[in-house]
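Note that the sequence shown covers residues 2 to 134 in our numbering.
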Amino acid sequence: MTTKPDQDRAPTGVLDKIRANPTGRLALKISIAALGAIVVAAGIVMIPLPGPGWAVVIAGLAIWAIEFAWAKHLLEFTKKHVLSWTHWIGRQSWPVKGLVGLATFLFVSAIVYLSVRVSFGIDLIDKAREWLS
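Shown next as structure tokens:
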């Protein structure tokens, strides 16, 4: 019985080539750790602001998962729970979806209000009242 030609070869991916020597392996691990940390930190800064904060944190976690087993396990855990939440919301009636949407809107609005108030000293409610009158 013969094996296929591609089964008896070593993996030839770019990352496998880098990992082939100790210096490359260390450089890759450090690079992945630094890049993932920068992306996760940027995502954490963006969480209270409107925008893709959590998505950026998850992207940073995916970068770490390239090289670190703990990050891969945490990413799988996160994917599993986000999917279960998404499926649960999908099964709910429109009033429940509306309440969840309203709660999310109120939470994000409070975070934006507090962020602008603390960061810039601007009271958005007072500005809105001035603008409306």
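Positions of the beta carbon are idealized from the N, C-alpha and C atoms, including for glycine.
Note that the structure is a prediction, hence the values are computed from the model and not measured.
Quick one: what's got a C-beta closer than 6 Å to residue i's C-beta in the same chain, skipping five residues either side?
i, result
"Lys30", "Glu68"
"Val101", "none"
Compare the beta carbon distance of residue i and residue j with 7 Å and say whether it is the shorter of the two.
i, j, result
"Val41", "Gly54", "no"
"Val138", "Ala43", "A question about residue 138 goes unanswered here, because the residues of the chain that appear run from 2 up to 134."
Quick check: the Cα distance between residue i and residue j, rounded to an integer number of angstroms?
i, j, result
"Asn22", "Ile33", "16 Å"
"Ala38", "Lys80", "20 Å"
"Trp89", "Val83", "10 Å"
"Ser120", "Leu75", "32 Å"
"Asp127", "Ala35", "42 Å"
"Ala63", "Leu115", "30 Å"
"Leu107", "Glu131", "22 Å"
"Arg20", "Ala28", "9 Å"
"Ser85", "Lys98", "15 Å"
"Ala66", "Val46", "21 Å"
"Val109", "Gly14", "43 Å"
Might you give, ordered along the chain, the residues of its own chain that have their beta carbon closer than 7 Å to the beta carbon of residue i, omitting 5 neighbours on each side?
i, result
"Val117", "Ile123 and Leu125"
"Lys73", "Ala66"
Using CA coordinates, which residue listed in the options is at the minimum distance from residue i?
i, options, result
"Ile112", "Thr13, Pro49, Thr105 and Gly91", "Pro49"
"Pro51", "Thr105, Pro96, Leu16 and Leu133", "Thr105"
"Glu77", "Val15, Ile59 and Leu103", "Ile59"
Can you give me the Cβ contacts of residue i inside the same chain, cut-off strictly under 8 Å, excluding the 5 residues immediately before and after it?
i, result
"Lys18", "Gly25"
Checklist line | Within the region 2 to 77, ranges of the alpha helix (DSSP H) (whole runs, at least 4 residues) | finding: Runs of the alpha helix (DSSP H) inside the region 2 to 77: 15 to 20, 23 to 47 and 54 to 66.
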